[in-house]
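Number of protein chains: 2
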Amino acid sequence: MNYPNGKRSTKQSHAPKGKIKPDFSNRGMSLEEDINVTNQYYLEAGIAVVHKKPTPVQIVNVDYPKRSAAVIKEAYFKQASTTDFNGVYRGKYIDFEAKETKNKTSFPLSNVHQHQIDHMKAIEKHGGISFLILCFSPLEEVYLLPSSGLFLYWDDQWNGGRKSIPYAFVEKEGIQIPFHFQARVDYATALDKLYF
Amino acid sequence: MNYPNGKRSTKQSHAPKGKIKPDFSNRGMSLEEDINVTNQYYLEAGIAVVHKKPTPVQIVNVDYPKRSAAVIKEAYFKQASTTDFNGVYRGKYIDFEAKETKNKTSFPLSNVHQHQIDHMKAIEKHGGISFLILCFSPLEEVYLLPSSGLFLYWDDQWNGGRKSIPYAFVEKEGIQIPFHFQARVDYATALDKLYF
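Residue numbers (UniProt numbering), protein chains in the order written: chain A, 1 to 196; chain B, 1 to 196.
Shown next, in the form of structure tokens:
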């Protein structure tokens, strides 16, 4: 599926009737912003409750001026110990990380960290649903890849395996997520196909 | 259950054998810290995966000095749109807020905000488990109260009802959480009694 004229094909769209037309006004939005918009839509439409976790920050110094809000004067970014998004969908715990790559042929594993893998494995062990949302930006294609597919390549890289997940694997084992007007990254529909 | 000598009774403890003795060295810890310690223990023992969400912060100005970490120079606290803790336990999505009160006879509803209630109701609607962990600090008693009990008093307060949840109600409808050495706030055991 290519977009030679810069427009998305709606051929494979799973958008509900009357909502086929994609919104081109905000195409500059990041994957994360698109997911936030999707989550807001899911919440309002009663589809799922999923939130992005706030960026973890180590606060060192706070100023409390009279008659106005506290100002954080010194703080540092901390490494997150989990993935970025989690919540509940159809009674199930879901947990995912969203990643973009400028690569067309593979997703480099350097985009993921060991502590995220540990977290995702723990989630799966406890009966949650863990996955990646992968965006191949040059192709304008977004996929949901179950974390089991990620683990396969992640673990294999230490045994002399490749350092990336081939695009062909993602296309075969993942579910493509079409762009919708409201559910810009409609991962819930992809989850339906895989898990429900 | 009173602690006239400043020590906790271990009579009703559900601690595993050999782990009966509470650790008095960190009695100054807050409820939140005790829950964080518990979550770490649950994670390592393979019992549950639950994390506290980072405090949401609106970052306004960041300095990127050469050869050292980025410093946040101006930021503001934002109101959280969800509860503080969520995760997966025995395949279920769980979601809770932890609150302390210095009150002995009731838990004031002013400790909870409407957006948290909205969030908790959404969680329940989607099949998640939502609850409060309430600490009556003068009594040194901690309870797990299912959010349905909170909703009862929350909704009733707008119809001329009282502005607090009586201690007697929490004691009757909630599950008391004894203090353990590792699982300081052993809410998983309380969940077992209520939901599994």
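All C-beta atoms, glycine included, are put in the ideal place defined by N, C-alpha and C.
* To do: Tell me the start and end of each unbroken beta strand (DSSP E) in the region 111-173 of chain A that is at least 3 residues and wholly inside, in chain order.
  => 129-136, 141-146 and 164-166
Taking the alpha carbon of Asn36/A as the point to measure from, which residue in Gln116/A, Arg184/A and Gly46/A has its own alpha carbon closest? Here residue 36/A refers to the residue found at position 36 when the first sequence is read from its first residue. Minimum Cα distance to Asn36/A is reached at Arg184/A.
Same chain only: Cβ atoms within 6 Å of Phe24/B, ignoring 5 sequence neighbours per side: Here residue 24/B is taken as the residue at index 24 of the second sequence, counted from 1. Its pLDDT being 42, under 50, Phe24/B is placed unreliably by the model, and nothing is read from it.
* C-alpha distance - Leu144/A paired with Leu191/A, whole-angstrom precision -> Position 144 of the first sequence, counted from the start, is the residue given in the question as residue 144/A. Position 191 of the first sequence, counted from the start, is the residue given in the question as residue 191/A. In a straight line, the C-alpha of Leu144/A is about 8 Å away from that of Leu191/A.
What are the residues of the region 41-62 of chain B that lie near chain A, defined by any Cβ-Cβ distance shorter than 8 Å? Leu43, Gly46, Ala48, Val49, His51, Lys53, Pro54, Thr55, Pro56, Val57 and Ile59
| message | For a test of the three-state rule: what should DSSP assign to Tyr42/A, helix, strand or coil? | response | Position 42 of the first sequence, counting from 1, holds the residue named residue 42/A. In this structure, Tyr42/A counts as helix in the three-state DSSP scheme.
Exercise for review: Within its chain, find whatever has a CB closer than 6 Å to the CB of Tyr64/A; leave out the 5 residues flanking it on each side and keep chain order.
Suggested key: For the purposes of this step, residue 64/A is taken as residue 64 along the first sequence, with counting starting at 1. If we look at Tyr64/A and ignore the five residues flanking it on each side, its Cβ neighbours are Ala70.
Item to complete: Look up Thr83/B in the DSSP assignment and say whether it is helix, strand or coil.
Response: Counting from one through the second sequence, the residue named residue 83/B turns up at place 83. Coil, per DSSP.
Inset, instruction - Note down, in chain order, all residues in the region 76-100 of chain A with a beta-carbon under 9 Å from any beta-carbon belonging to chain B. - result: Tyr76, Phe77, Lys78, Ala80, Ser81, Thr82, Asn86, Gly87, Val88, Tyr89, Arg90, Gly91, Lys92, Tyr93, Ile94 and Asp95
Check: Going along chain A in order, which residues have a C-beta closer than 8 Å to the C-beta of Lys73/B?
Finding: Start at 1 with the first residue of the second sequence, and residue 73/B comes out as number 73. Per Cβ cutoff of 8 Å: Lys73 and Glu74.
Hey, is the region 107-119 of chain A in contact with the region 105-121 of chain B, meaning 3+ C-beta pairs nearer than 8 Å?
-> no
Q.
Closer than 8 Å between beta carbons: that is the criterion. Which residues of the region 99-128 of chain A meet it against chain B?
A. His119, Ala122, Ile123, Lys125, His126, Gly127 and Gly128
Next item on the list: Note down the Cα distance separating Lys172/B from Glu141/B, rounded to an integer number of angstroms.
Entry: To locate residue 172/B, count along the second sequence from 1; it is residue 172. To locate residue 141/B, count along the second sequence from 1; it is residue 141. Each residue's alpha carbon lies about 13 Å from the other.
* Nearest to Ala168/B by CA position, among Gly149/B, Lys66/B and Gln114/B, is which residue? -> On the second sequence, residue 168/B is found 168 positions in, with the first residue counted as 1. The shortest Cα separation from Ala168/B among Gly149/B, Lys66/B and Gln114/B belongs to Gly149/B.
Item to check | For Val185/B, three-class secondary structure by DSSP | outcome: On the second sequence, position 185 is the one that residue 185/B refers to. It is coil, neither helix nor strand.
Note to self: If distances are taken between C-alpha atoms only, which option among Ala122/B, Ser164/B and Glu97/B comes closest to Phe131/B?
What the structure shows: Position 131 of the second sequence, counted from the start, is the residue given in the question as residue 131/B. The shortest Cα separation from Phe131/B among Ala122/B, Ser164/B and Glu97/B belongs to Glu97/B.
Taking the C-alpha atoms as reference points, what is the distance between residue 197/B and Ser164/B? Given a span of 1 to 196 for chain B in the structure shown, any question on residue 197/B remains unanswerable.
Against Ala70/A, what residues of chain B qualify as contacts under a CB-to-CB distance less than 8 Å, listed in chain order? One-based indexing of the first sequence puts residue 70/A at position 70. Neighbours of Ala70/A on chain B, chain order: Tyr76 and Phe77.
- Query: Along the chain, where does the beta strand (DSSP E) that runs through Tyr64/A open and close?
  - Reply: One-based indexing of the first sequence puts residue 64/A at position 64. Taken as a continuous stretch (DSSP letters only), Tyr64/A belongs to no beta strand (DSSP E), as it is neither H nor E.
Practice task
Please classify His113/B: is it buried, with 16 or more other beta-carbons within 10 angstroms of its beta-carbon, or exposed?
Solution key: Looking up residue 113/B in the second sequence gives position 113. Exposed.
State buried or exposed for Trp154/A, treating a residue as buried only when at least 16 other CB atoms are found within 10 Å of its CB. Looking up residue 154/A in the first sequence gives position 154. Buried, by the Cβ-count rule.
With a threshold of 7 Å on Cβ separation, who are the neighbours of Asp34/B within its own chain once the five nearest residues in sequence on each side are excluded? On the second sequence, residue 34/B is found 34 positions in, with the first residue counted as 1. Only Arg184 and Val185 meet the Cβ criterion.
So, at 8 Å on beta carbons, what are the nonlocal neighbours of Tyr76/A in its own chain, with the 5 sequence-adjacent residues on each side left out? For the purposes of this step, residue 76/A is taken as the residue at position 76 of the first sequence. Here the set comprises Val57, Gln58 and Val60.
(Q) Quick check: what's the CA-CA separation for Phe136/B versus His180/B? (A) Start at 1 with the first residue of the second sequence, and residue 136/B comes out as number 136. Start at 1 with the first residue of the second sequence, and residue 180/B comes out as number 180. Near 17 Å, if we compare the C-alpha coordinates of His180/B and Phe136/B.
Just the C-alpha distance for Ser81/B and Ser68/B, rounded to the nearest angstrom, thanks. Counted from its first residue, the second sequence places residue 81/B at position 81. Counted from its first residue, the second sequence places residue 68/B at position 68. Straight-line Cα distance between these residues: approximately 33 Å.
**Asked** Which term fits Ala45/B, buried or exposed, when burial requires 16 or more other beta carbons within 10 angstroms of its beta carbon?
**Response** One-based indexing of the second sequence puts residue 45/B at position 45. Exposed is the call here.
What separation, rounded to the nearest whole angstrom, lies between the Cα atoms of Tyr195/A and Gly174/B?
Your numbering for residue 195/A matches position 195 in the first sequence. Your numbering for residue 174/B matches position 174 in the second sequence. Roughly 34 Å separates the two Cα atoms.
Span separating the alpha-carbon of Tyr187/B from that of Leu134/B = Residue 187/B sits at position 187 when you count from the first residue of the second sequence. Residue 134/B sits at position 134 when you count from the first residue of the second sequence. Roughly 11 Å separates the two Cα atoms.
(Q) Starting from Ala75/B, trace the beta strand (DSSP E) in both directions and tell me its first and last residue. (A) Locating residue 75/B in the second sequence gives position 75, counting from the first residue. Taken as a continuous stretch (DSSP letters only), the beta strand (DSSP E) holding Ala75/B covers Val71 to Phe77.
At which residues does the beta strand (DSSP E) containing Thr55/A begin and terminate? Counting from 1 along the first sequence, the entry for residue 55/A is found at position 55. Taken as a continuous stretch (DSSP letters only), Thr55/A belongs to no beta strand (DSSP E), as it is neither H nor E.
In chain order, what residues of the same chain lie with their CB nearer than 7 Å to the CB of Asn26/B, ignoring the 5 residues before and after it?
-> For the purposes of this step, residue 26/B is taken as residue 26 along the second sequence, with counting starting at 1. Only weak support is given to the placement of Asn26/B: the predicted model assigns it a pLDDT of 45, under 50, and the value that follows is read from those uncertain coordinates. So the list is empty, once near-sequence residues are dropped.
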